[in-house]
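Heads up, the thing below is written out as structure tokens.
2 protein chains.
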Amino acid sequence: MDAAEKKTALRMIPYGLYVLTAESGDELGAATVNWVTQASFEPPLVVVGVKTDSGVYAVLQKSRAFALNVLGKGQQGLAFTFFKPAQRDGDAISGEKFRRGATGSPILASTPAFVDCRVVEIVARGDHAVVVGEVVDAGVARQPEGRADDATLWLKDLGEKTFYGG
Amino acid sequence: MDAAEKKTALRMIPYGLYVLTAESGDELGAATVNWVTQASFEPPLVVVGVKTDSGVYAVLQKSRAFALNVLGKGQQGLAFTFFKPAQRDGDAISGEKFRRGATGSPILASTPAFVDCRVVEIVARGDHAVVVGEVVDAGVARQPEGRADDATLWLKDLGEKTFYGG
């Protein structure tokens, strides 16, 4: 396999950006992720590729729950904030206010939509784990005008040369 | 959970379009899919949400292999072709020429890139199965200019109101 062709072919997959959050006891994890797809309508399932040495992965394995906070167009700053390790301060994570969703996972106040999931399966076979979640709650704070996916911050919105995994 | 909010939140996930192919003995499956994400760098893993009552799902369970043929900008016609059941005619599927990749999976001649995968795990918990594949070969027929993901046909390119799952 040609490494350059593999890289280019995989970079042809387009992505949105999300802040993945989880909480267990007094441990809280939050990280920007892009490897996300829906994977079933009924029950509604989503899949997230989560770095196995990340804080949020350690937390969601305990909580067996997570939320995906969908970043909106213009929220590049928030994406970069959660590339760094999350810091909790009262009812804020890295300066972003949150509440707890149906599963107890943190729902950010400033993002346009979220899905709140319980973990139904984890396939850990690489540097990122395939985390399968069943959507148990979802919310839209700002109804998108036009296509819903156009309201989402895309990986390509971070800059011409920015690619990211997990 | 509010069904309309769930639908909108999940539709905020942007997608590309791919023709998923598999072959086992004299059975061949091919279908347009969009629920795709990378899920690990090392080993390189991808995840596809595959309709459990589809022909291609029956085939890839036997072959334990599949290819994702990445559709390029302008290939809307090909996306619609593979929404319909695939028909084989010699070295063509539904009119599209193919060759066999490293895993034996059909690689379409007219798409700009492919990843060829062996199935490493299937999580079947809904109307679509989470199929985890390890990339064993990949190829790029036409090197993208600019960002690789801009060269891909996006779900939104099929029309303002077109959404699709699997």
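Listed in order, the protein sequences are those of chains A and B.
Here the first sequence stands for residues 143 to 308, where the numbers follow this note's numbering.
Here the second sequence stands for residues 143 to 308, where the numbers follow this note's numbering.
Cβ coordinates follow ideal geometry from the N, Cα and C atoms, glycine included.
As the structure is a prediction and not an experimental result, all values here were calculated from the model.
Closer than 9 Å, CB to CB, is residue i near chain A or not?
i                      : result
residue 249 of chain B : no
residue 246 of chain B : no
residue 158 of chain B : yes
residue 279 of chain B : yes
residue 191 of chain B : yes
residue 195 of chain B : no
residue 152 of chain B : yes
residue 290 of chain B : yes
residue 134 of chain B : An answer regarding residue 134 of chain B cannot be provided, because it is not within the stretch 143 to 308 covered by chain B.
residue 307 of chain B : yes
residue 198 of chain B : no
residue 231 of chain B : no
residue 261 of chain B : no
residue 302 of chain B : yes
DSSP three-state label for residue i, please.
i                      : result
residue 195 of chain A : coil
residue 245 of chain B : coil
residue 291 of chain A : helix
residue 240 of chain A : strand
residue 220 of chain B : helix
residue 147 of chain B : helix
residue 251 of chain A : coil
residue 267 of chain B : coil
residue 283 of chain B : coil
residue 200 of chain B : helix
residue 187 of chain B : strand
residue 314 of chain B : No information on residue 314 of chain B is available, as it lies outside the stretch 143 to 308 that chain B covers here.
residue 276 of chain A : strand
residue 171 of chain A : strand
residue 165 of chain B : strand
residue 214 of chain A : strand
Is the shortest distance between the beta-carbon of residue i and the beta-carbons of chain B less than 9 Å?
i                      : result
residue 256 of chain A : yes
residue 285 of chain A : yes
residue 163 of chain A : no
residue 202 of chain A : no
residue 212 of chain A : yes
residue 207 of chain A : no
residue 297 of chain A : yes
residue 293 of chain A : yes
residue 148 of chain A : yes
Return the bridge partner residues of residue i from the DSSP annotation.
i                      : result
residue 296 of chain A : A/158
residue 208 of chain B : B/259
residue 179 of chain B : B/189
residue 231 of chain B : B/234
I believe residue i touches residue j by the beta-carbon criterion, under 8 Å. Please report the beta-carbon distance rounded to the nearest angstrom.
i                      : j                      : result
residue 153 of chain B : residue 291 of chain A : 6 Å
residue 212 of chain B : residue 160 of chain B : 6 Å
residue 253 of chain B : residue 214 of chain B : 6 Å
residue 189 of chain B : residue 200 of chain B : Actually they are not in contact, since the Cβ atoms of residue 189 of chain B and residue 200 of chain B sit about 19 Å apart, beyond 8 Å.
residue 248 of chain B : residue 169 of chain B : Actually they are not in contact, since the Cβ atoms of residue 248 of chain B and residue 169 of chain B sit about 12 Å apart, beyond 8 Å.
residue 187 of chain B : residue 268 of chain A : 5 Å
residue 229 of chain A : residue 299 of chain A : Going by Cβ atoms, the distance from residue 229 of chain A to residue 299 of chain A rounds to 25 Å, so no, they are not a contact pair.
residue 163 of chain B : residue 271 of chain B : Actually they are not in contact, since the Cβ atoms of residue 163 of chain B and residue 271 of chain B sit about 16 Å apart, beyond 8 Å.
Under 7 Å, CB to CB, which of the residues in the region 169-188 of chain B have a partner in chain A?
177, 178, 179, 180, 181, 182, 183, 184, 185, 186, 187
Under 7 Å, CB to CB, which of the residues in the region 263-279 of chain A have a partner in chain B?
263, 265, 267, 268, 269, 270, 272, 274, 277, 278, 279
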